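Colleague:
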């Protein structure tokens, strides 16, 4: 049947609602706790068994992180990230997630320290949803995409900055998260 995932950031919960049953049977609504985590957005795997929950709030207000919420067991694990989140996409196999990051104003300058350098850089993070391993990839231009291969072996990320002459495609290999 039809199911909706309702993010309840204000009370740090997520509700899994069967659209076909909820009106007649409110007890069919499953509520999961995200206690201590103000997450208000989600990307759900194609199988519908996992939700990657996150926030796009200012990283000064909320630490950038994603939660991996098992929609069957209700268990959630959290993965801290190093940049503010703009959005998340789960690949078609449900094996990994692509996290697009916001870029802070200004040019990346290593002399300002690692945190400020990363904040001012374009980039994305790849997350292995089976192990929780996360890899931040900085890029010379704003990443677009991703375009995933159907078999889960990898994907492509488009990079575009016409004003600086950058137009490129990065291939992401699923095994080892190699980027080329």
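Residue numbers (our numbering): 11 to 190.
Glycine included, each C-beta is placed from N, C-alpha and C at the ideal position.
Keep in mind it's a predicted model, so treat the numbers as computed, not measured.
#1: Would you tell me roughly how many angstroms separate the C-alpha atoms of residue 191 and residue 173, rounded to the nearest one?
#2: Residue 128 lies in the alpha helix (DSSP H); which residues open and close that run?
#3: If we ignore side chains and look at the alpha-carbon of each, how far apart do residue 148 and residue 43 end up?
#4: In chain order, what residues of the same chain lie with their CB nearer than 6 Å to the CB of residue 182, ignoring the 5 residues before and after it?
#5: Using DSSP bridges, identify the partner residues of residue 62.
#6: Check residue 87 in the structure and name its three-state DSSP category.
#7: Please name the residue in 95, 37, 113, 79 whose C-alpha comes closest to that of residue 24.
#8: How big is the Cα-Cα spacing for residue 57 and residue 158?
#9: Taking the straight line between their C-alpha atoms, what separation do you get for residue 133 and residue 93?
Modeller: Reading from the atomic positions:
#1: What the structure shows of the chain is the stretch from 11 to 190, and residue 191 is not part of that stretch, so it cannot be assessed.
#2: 124-129
#3: 33 Å
#4: 164, 165, 189
#5: 53, 78
#6: strand
#7: 79
#8: 16 Å
#9: 9 Å
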